[in-house]
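Below you'll find the structure, written out as structure tokens, and then a few comments.
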Amino acid sequence: MRHKTVSRLMSHILHLNMGFIFKFLLIAIAISWIFSKLLQFFLKSKLKQFVDHANNLKREDDLRRKPNDGNINVDHIPQEYQKKRSKEIKGGDYIDYEEVKE
829 MRHKTVSRLM
839 SHILHLNMGF
849 IFKFLLIAIA
859 ISWIFSKLLQ
869 FFLKSKLKQF
879 VDHANNLKRE
889 DDLRRKPNDG
899 NINVDHIPQE
909 YQKKRSKEIK
919 GGDYIDYEEV
929 KE
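Numbering (my numbering), first residue to last: 829 to 930.
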């Protein structure tokens, strides 16, 4: 008789534990799914902010580098270039030549 009572008690405890394990797993899966969706939303929004910021920086840099009127202003001409320029040949003899086709 005592053996049947212990057996019933064990089956009852096992039944309660299975219900608890099932509920625990169900809740854990639900929480992990919700957490993954929130993390995915957060990471997407942060990535979008990062890309927008990078695009704005690129756009500002392009506008800063582009001349307003399409002309290029030279603020400084190196001394070496000016010296070379003054030594350039300004004229000379013309040598007539003829192309030879092979």
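Just so you know, even glycine gets a beta-carbon here, dropped at the ideal spot from N, CA and C.
Query, Result
"6 Å Cβ shell around Asp924 - same chain, five flanking residues per side excluded", "none"
"Three-way DSSP call (helix, strand, coil) for His840 in this model", "helix"
"Distance between Glu908 and Lys874 (C-alpha atoms, nearest Å)", "51 Å"
"Three-state class that DSSP yields for Lys929 in the structure shown", "coil"
"Three-state secondary structure (DSSP) of Ile859", "helix"
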